[in-house]
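Below is one structure, written out as structure tokens; comments come after it.
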Amino acid sequence: MKLKFGEKTTATATPRTNDADNIWGDAWHARRTDDGFELEYQTGDLGGRERRFAITADEFEALRRDPSAFDTILHAHGG
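Now the structure itself:
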């Protein structure tokens, strides 16, 4: 990265695409691991913390079918 003083730059988001092992949401990411599946999300804390926990294969597929299932899965795991 090179800094250029006096020029305005705008960061661009890296596009994320779902595949067999990854499902992306607005502020969360579900992934297949060697041990199973996990869900990681931004907690919204001022420190920018993330939380990660194991989910089932059924929950992973539920997120693939309907990303709005995130809230239900989160609350089921104490979030």
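Residues in the sequence shown are numbered consecutively from 1, following the UniProt record's numbering.
Where is the CB? At the ideal position from N, CA and C, for every residue including glycine.
Of the residues assessed, Ala62 falls on the buried side of the cut-off, its CB having 16 or more other CB atoms within 10 angstroms. In the three-state scheme derived from DSSP, where H, G and I count as helix and E and B as strand, Leu63 is classed as helix. Where Leu46 is concerned, there is no enclosing alpha helix (DSSP H), because DSSP gives it neither an H nor an E.
Annotated as proximal: Phe70 and Gly25, with beta-carbon spacing under 9 Å. Rounded to whole angstroms, the gap between the alpha carbons of Ala76 and Phe53 is 11 Å.
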